[in-house]
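Take a look at the structure set out below.
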Amino acid sequence: MSVGIDKIGFFTPNKYVDMVDLAHARNEDPNKFLIGIGQTAMSIADKTQDAVSMGINATLRYMDKIDKDKVGLLIFGTESSVDQSKSASLFVKNALNLPASMRAFEVKEACFGLTAGLMMARDFVRVHPDQTAIVIGSDIARYGIKTPGEVTQGAGSISLLVKDNPSILELNDGHSDYSEDINDFWRPNNSKLAKVDGKYSTQVYLDFFSKTFEAYKKQKNLANKDFTAITYHMPFTKMALKANRIAIEGQDEATSQRLTDKFEAAKKWSSLVGNIYTGSLYLSLLSLLEHGNLKAGDLVGLFSYGSGAMGEFYSGNVVLGYEDQLDKSGDEELINSRRKLSIAEYEQIFTDSLADPQDGVALLSDEKPGTWYFAGTKDDIRQYKKI
Ligand code: HMG
Numbered sequence: 001m002s003v004g005i006d007k008i009g010f011f012t013p014n015k016y017v018d019m020v021d022l023a024h025a026r027n028e029d030p031n032k033f034l035i036g037i038g039q040t041a042m043s044i045a046d047k048t049q050d051a052v053s054m055g056i057n058a059t060l061r062y063m064d065k066i067d068k069d070k071v072g073l074l075i076f077g078t079e080s081s082v083d084q085s086k087s088a089s090l091f092v093k094n095a096l097n098l099p100a101s102m103r104a105f106e107v108k109e110a111c112f113g114l115t116a117g118l119m120m121a122r123d124f125v126r127v128h129p130d131q132t133a134i135v136i137g138s139d140i141a142r143y144g145i146k147t148p149g150e151v152t153q154g155a156g157s158i159s160l161l162v163k164d165n166p167s168i169l170e171l172n173d174g175h176s177d178y179s180e181d182i183n184d185f186w187r188p189n190n191s192k193l194a195k196v197d198g199k200y201s202t203q204v205y206l207d208f209f210s211k212t213f214e215a216y217k218k219q220k221n222l223a224n225k226d227f228t229a230i231t232y233h234m235p236f237t238k239m240a241l242k243a244n245r246i247a248i249e250g251q252d253e254a255t256s257q258r259l260t261d262k263f264e265a266a267k268k269w270s271s272l273v274g275n276i277y278t279g280s281l282y283l284s285l286l287s288l289l290e291h292g293n294l295k296a297g298d299l300v301g302l303f304s305y306g307s308g309a310m311g312e313f314y315s316g317n318v319v320l321g322y323e324d325q326l327d328k329s330g331d332e333e334l335i336n337s338r339r340k341l342s343i344a345e346y347e348q349i350f351t352d353s354l355a356d357p358q359d360g361v362a363l364l365s366d367e368k369p370g371t372w373y374f375a376g377t378k379d380d381i382r383q384y385k386k387i
């Protein structure tokens, strides 16, 4: 039975910081950020966009194309959770008027959360082929002003519809996993900013990639040349480039060239949006699908990584007509219509977004009409509204 990704919805907030501006403000050579880190811009969420509102907005991108009554599962993967108890899925369910008969909950393992949800959704649809599942990854990456991680921030959400006979990517059986209890990146409950051992985190990421990639190839009897493209969790594009270098090492010229070309297509959106944690791998997949000139049947490898740490490699095959399911011009507009912030504006927005909103004070959003936003709390209950 073929199960996989049938729809992909993407959302990112309407403001960004240009990396050349940031480099000048931080007395760094712009090429360190543009080439050394591989980022051109990063999206900035003001206090009216949070994991929930971005998740609603990403799912809205395909809502009018699906049968709502068939949705039997809604999983929300995030490490930017807005409540210690109630799951983000329930806010989304309410905003989008999804069936009450649905199973809804939230999952967490750093950036691995969306992949964890996707795998559960795949198994759910196998058991309930007449139902579909929505899996959302939504996050704001915040390291702090003037920290080494600042250049690797970002904000956004990816929402996937998983069903049988999918129209975009069929998920193959099998997966290889590797986990270890380590402290490369974490965010204690009392902090809105991530803590990170930056250099160590990059080593662990590559180590987990090598381990899971090798194990997967062995499990499925595949070689590097069998993959049309490999997509990676992309905390910043240079990180994934280093993994792709491992994948092309010692390969024939055609394989190296193909994996390099597809990597260029896969990194485009992430280089402009930044790290969106759980959604990052799937933003890269979306970028590949929209720029990579793929054909039906092409084999795409996917490497998911969540700090703490958990790695998984799996694969999917591209479905005939997948292009018709995408909204490339909508994604371009979302990214290109963002307003560029001065560094002073960014620093103010960043600082404001760290403070909890004052209860009873309504927030107003400057996103475009139709967009959902966080409107403040009433009696400590979060309010979400549509512009
Ligand atoms: P840093 O110390 O500022 O940077 O921090 P650097 O000195 O290592 O320089 C970066 C690169 O720029 C180097 O290249 C330099 O040579 C180069 P590399 O050696 O890596 O190839 N460079 C230049 N290139 C061109 N022209 C120049 C120039 N100058 C220098 N003039 C670091 C970098 C990534 C450590 C920091 O930004 C950080 O801590 N980021 C956050 C952590 C992170 O993203 N880790 C990724 C792996 S962990 C992960 O993916 C999980 C995560 O998404 C969280 C989750 O799971 O939830 C983070």
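When the letters of the sequence shown are read in order and numbered with UniProt numbering, they come out as residues 1 to 387. Glycine is no exception: its CB is placed at the ideal position from the N, C-alpha and C atoms. If you're wondering where the values come from, they're calculated on a predicted model, not measured in any experiment.
If the criterion is Cβ atoms closer than 8 Å, does the pair His233 and Ser179 meet it?
Taking the sequence shown and counting its residues from 1, one reaches residue 233 at position 233. Taking the sequence shown and counting its residues from 1, one reaches residue 179 at position 179. No, these two residues do not count as a Cβ contact at 8 Å.
Contained beta strand (DSSP E) runs [length at least 3] in the region 60-139, N- to C-terminal order:
The qualifying runs are 71-77 and 103-107.
Which residue from Ala25, Asp69 and Glu290 puts its Cα closest to that of Lys146?
Taking the sequence shown and counting its residues from 1, one reaches residue 146 at position 146. If we check each option's Cα against that of Lys146, Ala25 comes out closest.
Nearest to Asp67 (by Cα), restricted to the options Asn97, Ser85, Tyr322 and Phe236:
Residue mapping note: residue 67 aligns to position 67 of the sequence shown, counting from 1. Ranked by Cα distance from Asp67, the first of Asn97, Ser85, Tyr322 and Phe236 is Asn97.
Please find out if some non-hydrogen atom of ligand 1 comes closer than 7 Å to the beta-carbon of Lys15.
On the sequence shown, residue 15 is found 15 positions in, with the first residue counted as 1. Distances taken from the Cβ of Lys15 to the heavy atoms of ligand 1 include none shorter than 7 Å.
Taking the beta carbon of Met1 as the centre, do at least 16 other beta carbons fall within 10 Å, making it buried, or is it exposed?
Within the sequence shown, residue 1 is the residue found at index 1, counting from 1. Exposed, since its Cβ has fewer than 16 Cβ neighbours within 10 Å.
Return yes when the C-beta of Lys267 is under 7 Å from any heavy atom of ligand 1, and no when it is not.
Reading the sequence shown from its first residue, position 267 is the one you call residue 267. No, Cβ of Lys267 sits at least 7 Å from all heavy atoms of ligand 1.
DSSP three-state assignment for Ser280, whether helix, strand or coil
Locating residue 280 in the sequence shown gives position 280, counting from the first residue. The answer is helix: DSSP assigns Ser280 an H, G or I state.
Among Ala100, Arg103, Pro129 and Val135, the one whose alpha carbon lies nearest that of Ala116
One-based indexing of the sequence shown puts residue 116 at position 116. Here the closest residue by C-alpha is Val135.
For Asn221 and Tyr314, believed in contact at Cβ under 8 Å, the rounded distance:
Counting from 1 along the sequence shown, the entry for residue 314 is found at position 314. Counting from 1 along the sequence shown, the entry for residue 221 is found at position 221. 15 Å between Cβ atoms; not a contact.
Are Thr78 and Ala104 close, meaning C-beta to C-beta below 8 Å?
Indexing the sequence shown from 1 puts residue 78 at position 78. Indexing the sequence shown from 1 puts residue 104 at position 104. Going by beta carbons, Thr78 and Ala104 fall outside the 8 Å limit.
Boundaries (first-last residue) of the beta strand (DSSP E) holding Met310:
The residue you call residue 310 lines up with position 310 of the sequence shown. Start and end: Met310 to Val318.
Would you list the one or two residues that DSSP bridges to Ile381?
Here residue 381 refers to the residue found at position 381 when the sequence shown is read from its first residue. Partner residues in the beta bridge of Ile381, as assigned by DSSP, are Lys378.
Put Gly156 into one of helix, strand or coil per three-state DSSP.
Taking the first residue of the sequence shown as 1, we reach residue 156 at position 156. Gly156 carries a strand assignment under DSSP once its states are collapsed to helix, strand and coil.
At a cut of 8 Å, does the region 315-322 reach the region 292-305 through at least three beta carbon pairs?
Yes, the region 315-322 touches the region 292-305.
Close beta carbons around residue 395, own chain, < 6 Å, minus the five adjacent residues each side
No answer is possible for residue 395: it lies beyond the span of the chain, which begins at 1 and ends at 387.
Selected residue, minimal CA-CA separation from Pro148, among Phe236, Lys211 and Gln84:
Within the sequence shown, residue 148 is the residue found at index 148, counting from 1. Of the listed residues, the one whose Cα sits closest to Pro148 is Phe236.
Do you know offhand how far Gly274's Cα is from Gly306's?
Here residue 274 is taken as the residue at index 274 of the sequence shown, counted from 1. Here residue 306 is taken as the residue at index 306 of the sequence shown, counted from 1. Looking at the two C-alpha atoms, the distance is approximately 16 Å.
Here's the rule I'm using: 16 or more other beta-carbon atoms within 10 Å means buried, otherwise exposed. How should Val3 be labelled?
For the purposes of this step, residue 3 is identified with residue 3 of the sequence shown, where counting begins at 1. The residue in question, Val3, is buried, as its Cβ has 16 or more Cβ neighbours within 10 Å.
Is it the case that the Cβ atoms of Leu114 and Lys7 are separated by a distance below 8 Å?
Position 114 of the sequence shown, counted from the start, is the residue given in the question as residue 114. Position 7 of the sequence shown, counted from the start, is the residue given in the question as residue 7. Contact: no.
Whose C-beta lies closer than 8 Å to the C-beta of Tyr143 among residues of the same chain, with five residues either side of it excluded?
Indexing the sequence shown from 1 puts residue 143 at position 143. Only Gly149, Glu150, Thr152, Gln153, Leu193, Ala194 and Val196 meet the Cβ criterion.
Sorry if obvious, but does the Cβ on Ala110 come closer than 7 Å to a heavy atom of ligand 3?
Questions concerning ligand 3 fall outside what the structure shown contains, since the ligands it does hold are ligand 1.
Here's the rule: buried if 16 or more other CB atoms are within 10 angstroms of the residue's CB, otherwise exposed. What is Arg126?
Translated into positions along the sequence shown, residue 126 becomes position 126. Arg126 comes out exposed.
Check whether the region 242-259 touches the region 325-333, taking contact to mean three or more Cβ pairs, one atom from each stretch, closer than 8 Å.
Result no; under three Cβ-Cβ pairs closer than 8 Å.
Beta-carbon gap between Ile168 and Val20 smaller than 8 Å
Residue numbering aside, residue 168 sits at position 168 when the sequence shown is read from its first letter. Residue numbering aside, residue 20 sits at position 20 when the sequence shown is read from its first letter. No, these two residues do not count as a Cβ contact at 8 Å.
C-alpha gap between Tyr200 and Arg382, whole angstroms
As a first step, residue 200 is located in the sequence shown; it is residue number 200 there, counting from the start. As a first step, residue 382 is located in the sequence shown; it is residue number 382 there, counting from the start. Whole-angstrom Cα-Cα distance: 37 Å.
CB contact check: Ala100 to chain B, cutoff 8 Å
Included in the structure is just one protein chain, with no chain B present.
Taking the alpha carbon of Lys295 as the point to measure from, which residue in Ile343, Ala229 and Ile387 has its own alpha carbon closest?
Numbered from its first residue, the sequence shown carries residue 295 at position 295. Checking every option, the nearest Cα to that of Lys295 belongs to Ala229.
Would Gly376 be called buried (16 or more neighbouring beta carbons within 10 Å of its own) or exposed?
In the sequence shown, counting from the first residue as 1, residue 376 sits at position 376. Buried, by the Cβ-count rule.
Examine the Cβ distances between the region 360-378 and the region 31-50 and report whether three or more of them are shorter than 8 Å.
Look at the beta carbons and you see the region 360-378 touching the region 31-50: at least three pairs across the two are nearer than 8 Å.
How long is the line joining the alpha carbons of Tyr62 and Lys385, rounded to whole angstroms?
Within the sequence shown, numbered from 1, the residue matching residue 62 stands at position 62. Within the sequence shown, numbered from 1, the residue matching residue 385 stands at position 385. Taking the straight line joining both Cα atoms gives about 19 Å.
Starting from Glu170, follow its DSSP beta bridges and name the residues at the other end.
Looking up residue 170 in the sequence shown gives position 170. In DSSP, Glu170 forms a bridge with Gly4 and Asn317.
Consult DSSP for Asp226 and reduce its assignment to one of helix, strand or coil.
As a first step, residue 226 is located in the sequence shown; it is residue number 226 there, counting from the start. Asp226: helix per DSSP, three-state reduction.
Note the first and the last residue of the continuous alpha helix (DSSP H) segment covering Met239.
By 1-based counting over the sequence shown, the position of residue 239 is 239. Annotation: the continuous alpha helix (DSSP H) that includes Met239 extends over Thr237 to Ile248.
Measuring from the CB of Tyr277, is there a heavy atom of ligand 1 at a distance below 7 Å?
Counting from one through the sequence shown, the residue named residue 277 turns up at place 277. The beta carbon of Tyr277 sits closer than 7 Å to at least one heavy atom of ligand 1.
Taking just the CA atoms, how far does Met42 sit from Phe33?
Locating residue 33 in the sequence shown gives position 33, where the first residue counts as 1. Locating residue 42 in the sequence shown gives position 42, where the first residue counts as 1. A straight line joining the alpha-carbon of Phe33 with that of Met42 spans about 11 Å.
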